[in-house]
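2 protein chains.
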Amino acid sequence: MSRAYNFCAGPAALPAEVLLQAQQELVDWRGKGLSVMEMSHRSDEFVSIATTAEKDFRDLLSVSDDYEVLFLQGGASAQFSMVPLNLLRGKKSSAYVNTGIWSQKAIAEAKKYCDVAVVSSAESTKFSEVPTQETWSSVSGAAYVHYTPNETIGGLEFDWVPEVDGVPLVADMSSCILSRPLDISQYGLIYAGAQKNIGPAGLTIVVVKKDLLGGALPLTPAMMDYKIAADNASMYNTPPTYAWYLSGLVFQWLKRLGGLDVIGEINRRKAEKLYNAIDNSEFYANPIKVGSRSRMNVPFTLRDDALNGVFLAEAERAGLLNLQGHRSVGGMRASIYNAMPEEGVDKLLEFMSDFERKHG
Amino acid sequence: MSRAYNFCAGPAALPAEVLLQAQQELVDWRGKGLSVMEMSHRSDEFVSIATTAEKDFRDLLSVSDDYEVLFLQGGASAQFSMVPLNLLRGKKSSAYVNTGIWSQKAIAEAKKYCDVAVVSSAESTKFSEVPTQETWSSVSGAAYVHYTPNETIGGLEFDWVPEVDGVPLVADMSSCILSRPLDISQYGLIYAGAQKNIGPAGLTIVVVKKDLLGGALPLTPAMMDYKIAADNASMYNTPPTYAWYLSGLVFQWLKRLGGLDVIGEINRRKAEKLYNAIDNSEFYANPIKVGSRSRMNVPFTLRDDALNGVFLAEAERAGLLNLQGHRSVGGMRASIYNAMPEEGVDKLLEFMSDFERKHG
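From first to last, the protein sequence lines stand for chains A and B.
Following our numbering, the numbering of the first sequence begins with 26 at its first residue and continues without gaps.
Following our numbering, the numbering of the second sequence begins with 26 at its first residue and continues without gaps.
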């Protein structure tokens with residue numbers, strides 16, 4: 026088979042030209058006689074790869090020197106512990122917003138370390154709508170406010186940034202980072218597992234305001250202390266070097282493309298096409314209210330669930346992979362991250378339309 | 026440059042045929058239209074890759090069903106915290122053996138969670154000799170006994186397994202795992218960062234006896250709880266899929282080679298050649314006592330430290346990379362893990378001999 030369109034929620038598709046470059050360089054990186062995988066993380070070559078990747082990431086998001094950019098391991102799930110372990114700084118409580126499954130996982134883990142006030146929840150709308158800020162409880166006194174700007178499973182996305190009265194704002198951006206411009210100065214900390222919009226699984230990027238560092242709980246494992254990571258330029262121990270390198274290639278690809286304004290516009294267009302097609306059909310449906318819909322993860326159902334298996338099998342034969350919804354919600358889900366080209370969405374729309382004609 | 030001989034201590038050289046296979050499969054894995062990096066960790070394809078890798082690893086080390094094999098993140102440094110967090114099980118103290126820098130890092134981290142008794146130390150011999158078991162203090166009452174069978178930096182290796190009176194024995198095997206046969210039943214837990222004898226950095230393998238699981242301290246982060254990892258087949262969250270896949274290719278390579286008896290014999294021969302050359306020279310020296318010498322990491326000094334720079338530069342020109350010793354000890358170090366072919370050691374010996382003739 027030639028290269029398929031892969032709608033997986035994560036690990037997700039990577040840009041084809043990044044994979045081709047990685048393939049070309051895999052055995053012998055630029056005539057050095059070894060693979061990037063085989064380089065000492067302290068070698069000039071790898072340090073140059075690592076610092077270039079950080080610089081490109083900072084350029085893309087306009088991250089100022091007030092922030093550390095950390096290249097860590099453990100995924101968002103490790104951050105669910107690291108955020109309270111590091112950011113409580115003597116306080117006893119934190120504030121969380123519940124917009125779906127990933128928010129709930131973050132909340133459950135934070136409860137090990139502090140009182141958690143759920144200041145807003147989308148539960149009453151069955152997670153079909155981001156609760157407007159006016160409905161939130163007060164966040165004052167909290168060590169930080171945590172929210173999930175994009176819920177990968179539910180397909181719910183904030184199109185606004187919460188106002189939190191000077192309390193540090195923390196965001197799990199695993200499935201929306203680099204998908205459009207953001208103003209980092211509104212955040213105390215953002216984090217993202219790499220395997221959606223950054224690179225391969227096994228790398229996690231954290232951007233944290235420097236003045237929040239240094240107050241980790243005494244029992245914090247060294248590998249979970251942001252300050253130790255920052256003081257060691259993310260090389261307290263051997264980092265996931267190959268994932269770091271590949272992420273750097275992705276950042277360069279994004280810069281060549283024109284940066285976050287350009288990819289943001291492409292992403293807006295891709296999502297709009299797909300939601301329009303769903304809304305204009307009697308056969309497909311999306312449960313999320315307009316204004317709260319994810320640009321990255323588009324869940325949808327068929328009129329008849331009994332057709333799900335046929336839909337997935339025919340899609341796969343058409344080179345459209347991994348459209349099944351998350352096992353906890355069922356139905357379908359098209360994840361259309363940065364690396365999904367617009368042609369991939371067009372192909373999907375064509376397929377959906379054909380399928381509806383045949384089975385509708 | 027064609028492929029060089031890379032003596033890096035880690036991330037270390039990988040077998041050339043593994044890299045070539047990875048290169049060939051990188052963009053399109055076996056006609057599926059996507060890279061392994063882009064596969065859902067829950068897809069049939071990746072689950073098959075993952076379970077095959079685990080099975081091959083178990084075969085190589087003859088790991089029985091009494092043990093879990095976990096594929097984790099965070100390197101040995103994360104294990105320095107995870108071992109006490111998980112294995113104290115109500116006890117207040119643990120026993121550690123200090124044979125060098127990595128032992129000391131493990132000890133420092135364990136002190137956050139329990140009383141640490143250093144039951145044996147090589148400090149009095151300046152870490153030039155593994156202390157014989159008769160000189161150890163009693164380990165009775167300890168939750169576990171931790172030691173470092175091979176010290177990557179100092180080049181000190183146990184050629185025997187401690188007897189610990191039924192206390193669970195824990196070993197940091199980062200730089201010696203898979204280098205020769207071992208009897209897993211002598212251990213409660215072994216762990217190893219992948220980037221020496223397993224695969225690329227970013228993966229850590231833990232083998233732990235099932236009856237030791239389930240007693241983690243209440244504040245243990247979910248990502249650091251072995252039981253959670255075991256209950257979820259190392260997929261509580263997205264694992265480092267590409268590193269897992271590559272490790273699987275390394276295990277298959279080792280099996281094709283004939284397994285640990287065969288590689289153990291090759292490693293014995295490689296190390297013997299190198300130590301013999303050093304011992305038979307007035308120009309080179311190794312500080313470690315015979316019987317305590319590492320088969321994996323061979324540190325050596327030149328008669329005149331002022332020649333170090335010339336040695337490294339000429340070696341690099343000869344295609345012999347990364348021979349500098351660790352920054353904390355200086356001198357040279359040749360790491361000769363499984364993937365270093367015997368020809369690489371022969372080339373190094375030839376170079377050392379030429380260098381001695383020219384500069385000795």
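All residues carry an ideal CB built from backbone N, CA and C; glycine is no exception.
Simplified DSSP state of residue i, which is helix, strand or coil
{"i": "A/N292", "result": "helix"}
{"i": "B/N301", "result": "helix"}
{"i": "A/P324", "result": "strand"}
{"i": "A/D81", "result": "helix"}
{"i": "B/V61", "result": "helix"}
{"i": "A/T263", "result": "coil"}
{"i": "A/G357", "result": "For clarity, residue 357 of chain A is Met in the given sequence; the question names Gly instead. Looking at A/M357 - three-state DSSP - the assignment turns out to be strand."}
{"i": "A/M26", "result": "For A/M26, the predicted structure reports a pLDDT of 49, less than 50, and the residue's modelled location is therefore unreliable. A value from the coordinates is still provided. Reduced to three states, the DSSP call for A/M26 is coil."}
{"i": "B/R114", "result": "coil"}
{"i": "B/G240", "result": "coil"}
{"i": "A/A103", "result": "helix"}
{"i": "A/F96", "result": "strand"}
{"i": "B/E375", "result": "helix"}
{"i": "A/K234", "result": "strand"}
{"i": "A/N175", "result": "strand"}
{"i": "A/N333", "result": "helix"}
{"i": "B/D197", "result": "strand"}
{"i": "B/Y216", "result": "strand"}
{"i": "A/L181", "result": "strand"}
{"i": "A/D69", "result": "helix"}
{"i": "B/C33", "result": "coil"}
{"i": "A/Y121", "result": "strand"}
{"i": "A/V170", "result": "strand"}
{"i": "B/D140", "result": "strand"}
Buried/exposed call for residue i, threshold 16 Cβ in 10 Å
{"i": "A/N257", "result": "exposed"}
{"i": "A/V287", "result": "exposed"}
{"i": "A/K295", "result": "buried"}
{"i": "B/T173", "result": "buried"}
{"i": "B/Q98", "result": "buried"}
{"i": "B/E93", "result": "buried"}
{"i": "A/P187", "result": "buried"}
{"i": "A/A331", "result": "exposed"}
{"i": "B/S162", "result": "exposed"}
{"i": "A/S65", "result": "buried"}
{"i": "A/V43", "result": "buried"}
Residue i versus residue j - alpha carbon distance
{"i": "B/K383", "j": "B/A75", "result": "51 Å"}
{"i": "B/K221", "j": "B/S360", "result": "9 Å"}
{"i": "A/E154", "j": "A/S145", "result": "12 Å"}
{"i": "B/A37", "j": "A/L337", "result": "42 Å"}
{"i": "A/F96", "j": "A/N305", "result": "43 Å"}
{"i": "A/A254", "j": "A/Y261", "result": "6 Å"}
{"i": "A/M26", "j": "B/A364", "result": "In this predicted model, A/M26 has a pLDDT of only 49, less than 50, meaning its place in the structure is not dependable; the value taken from the coordinates is given anyway. Looking at the two C-alpha atoms, the distance is approximately 33 Å."}
{"i": "A/E170", "j": "A/P225", "result": "Strictly speaking, residue 170 of chain A in this sequence is Val, with Glu absent from that position. Roughly 28 Å between the two C-alpha positions."}
{"i": "B/G369", "j": "B/L282", "result": "17 Å"}
{"i": "B/V195", "j": "B/V164", "result": "13 Å"}
{"i": "A/D329", "j": "A/L228", "result": "39 Å"}
{"i": "A/G191", "j": "B/F32", "result": "51 Å"}
{"i": "A/A389", "j": "B/W54", "result": "A query on residue 389 of chain A cannot be resolved here, the shown segment of chain A reaching from 26 to 385 and no further."}
{"i": "A/K135", "j": "A/D197", "result": "It is Ala, not Lys, that sits at residue 135 of chain A in the sequence shown. Roughly 14 Å between the two C-alpha positions."}
{"i": "A/L373", "j": "A/D184", "result": "25 Å"}
{"i": "A/K137", "j": "B/P243", "result": "8 Å"}
{"i": "A/V189", "j": "A/A142", "result": "14 Å"}
{"i": "A/L348", "j": "A/V52", "result": "33 Å"}
{"i": "A/N322", "j": "A/P366", "result": "14 Å"}
{"i": "A/L285", "j": "A/P206", "result": "5 Å"}
{"i": "A/G289", "j": "A/V231", "result": "21 Å"}
Beta carbon proximity, residue i to chain D, threshold 8 Å
{"i": "B/R28", "result": "The structure shown contains no chain D; its protein chains are A and B."}
- Message: Does the stretch 61-74 of chain B come into contact with the stretch 265-279 of chain B, if we say contact requires no fewer than three beta-carbon pairs (one atom in each stretch) closer than 8 Å?
- Response: yes
- Message: Can you pull out the residues from the stretch 47-67 of chain B whose beta carbon lies closer than 7 Å to at least one beta carbon of chain A?
- Response: A47, Q48, L51, V52, D53, G56, K57, G58, L59, S60, M62, E63, M64, S65, H66
- Query: Are the stretch 175-189 of chain A and the stretch 347-356 of chain A touching by the rule of at least three beta carbon pairs closer than 8 Å?
  - Reply: yes
- Task: Could you tell me whether the stretch 68-88 of chain B touches the stretch 128-143 of chain B, where touching means 3 or more Cβ pairs closer than 8 Å?
- Result: no
- Any residues in the stretch 259-291 of chain A with a beta carbon nearer than 8 Å to a beta carbon of chain B? Which ones, in chain order? Y261, N262, T263, P264, P265, T266, Y267, A268, L271
- Task: Compile a chain-ordered list of the residues in the stretch 94-107 of chain B whose CB is closer than 8 Å to at least one CB of chain A.
- Result: Q98, G99, G100, A101, S102, A103, F105, S106, M107
- Task: May I ask you to list, following chain order, the residues of the stretch 33-46 of chain A that have a beta carbon less than 7 Å from some beta carbon of chain B?
- Result: C33, G35, P36, A37, A38, L39, L44, L45
- Query: Counting pairs of beta carbons, one from the stretch 80-91 of chain B and one from the stretch 271-281 of chain B, are three or more of them closer than 8 Å?
  - Reply: yes
- Any chance the stretch 104-118 of chain B sits against the stretch 311-325 of chain B, with 3 or more Cβ pairs inside 8 Å? no
- Task: May I ask you to list, following chain order, the residues of the stretch 211-238 of chain A that have a beta carbon less than 7 Å from some beta carbon of chain B?
- Result: G218, Q220, P225, A226, G227
- Message: Against chain B, which members of the stretch 337-371 of chain A pass a CB distance test of less than 7 Å?
- Response: G344, L346, N347
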